[in-house]
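Asks: Sharing a structure below in structure tokens format, with a few things to ask.
Numbering (the working numbering), first residue to last: 16 to 356.
Spelled out as structure tokens, the structure:
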């Protein structure tokens, strides 16, 4: 009796600027065990000859959009060239272990699972977490869960959000969702995909024994903060119900005021204003997308919103007193308000 064929996985990897780990990332994917992996390499503005070199490897297909399409647009472009029954999204600076993709496929193959996310570890100490099971706040914030902590879990657990650094999604589910909203460009698109998965009655699982080592570099610049803050507001504007937005109006306004003050004190207030302008100029897109996302949901808001947290990590709002105040007030507010969602 012949063995059943290995699951086929198309891994989308973006090549951007000069990434020293890109060859290792692609080669590790091609060396995956117990799955047949091909790599779709999207040249999003690579400034070295890595794309040309990697294109010569068996199993690598290169897509050249000619411009930087962002993480969201690049993944969508790569997914359109994917032929596997599963789609993997893996950062160009993340190196998977030989069994990581197979382990994620094993969980993603379950009929009630829509996304399986890896345990992304810090390169300088792979015993410590970088990302994976990402919390999503009731006010739209999302961040790397348990960043810098040692991994203590041994079994998969449900998570509100999945880090896009290393995930596996059944291609049929990805296609049903239509991939990422490319207007996100970068940041929060993985939170959007995760919540849409929960709202369609499928689970998002964090798989602690599926490991990817990540060459993580923290940066806080004007363009990043523009995208992070703009996309947080895009996220809640399109996915939260009208009733939830009304119930959360006061804490949302409070957080907006706090982030504006932080932007002013840290020197990126012009980026914050730029985000407001973008949201206003793209209000037609927000309205249209909101209509589509409201129509696709099959799970009541009261149910999927139980996945959200009211506690924000102090690393997200790096002012301990402010973070503590936000946590206390929002927790009390949501405890009372959520019953009417």
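Glycine included, C-beta positions come from ideal geometry on N, C-alpha and C.
With a threshold of 6 Å on Cβ separation, who are the neighbours of residue 351 within its own chain once the five nearest residues in sequence on each side are excluded?
Replies: There are no such residues.
Asks: At a cut-off of 8 Å, is residue 160 close to the ligand SAM when judged by its beta-carbon and the heavy atoms of the ligand?
Replies: Among the components modelled here there is no ligand, and therefore nothing to report on the ligand SAM.
Asks: Using three-state DSSP, classify residue 50 as helix, strand or coil.
Replies: coil
Asks: How close, in whole Å, do the beta carbons of residue 120 and residue 266 come, if the pair is a contact with beta carbons under 8 Å?
Replies: Actually they do not touch by this definition, with Cβ atoms about 39 Å apart.
Asks: Check whether the segment 178-186 touches the segment 261-278, counting contact only when three or more Cβ pairs, one atom from each stretch, lie closer than 8 Å.
Replies: no
Asks: Secondary structure at residue 202, three-state DSSP: helix, strand or coil?
Replies: coil
Asks: Establish whether the CB of residue 144 and some CB of chain D are separated by less than 9 Å.
Replies: Among the protein chains of the structure shown there is no chain D, as only one such chain exists.
Asks: Short of 6 Å in beta carbon distance, which residues of its chain neighbour residue 236, apart from the five on each side in sequence? Order them along the chain.
Replies: none
Asks: Let's see if you can read the secondary structure: which residues bound the alpha helix (DSSP H) around residue 278?
Replies: 264-281
Asks: Under a three-way DSSP split, which group does residue 188 fall into?
Replies: helix
Asks: Compute the distance between the beta-carbons of residue 152 and residue 323, then report whether it is under 9 Å.
Replies: yes
Asks: Helix, strand or coil: which one does DSSP assign to residue 93?
Replies: helix
Asks: So residue 225 and residue 115 are in contact, right, with Cβ under 8 Å, and what is the actual spacing, rounded?
Replies: Separation of the CB atoms of residue 225 and residue 115 is rounded to 5 Å, and the pair is thereby assigned contact status at 8 Å.
Asks: Would you report the Cα separation of residue 161 and residue 140, rounded to the nearest angstrom?
Replies: 14 Å
Asks: Taking the C-alpha atoms as reference points, what is the distance between residue 53 and residue 159?
Replies: Rounded to whole angstroms, residue 53 and residue 159 show a C-alpha spacing of 28 Å.
Asks: Rounded to whole angstroms, what is the Cα-Cα separation between residue 124 and residue 100?
Replies: For the pair residue 124 and residue 100, the Cα-to-Cα distance works out to about 10 Å.
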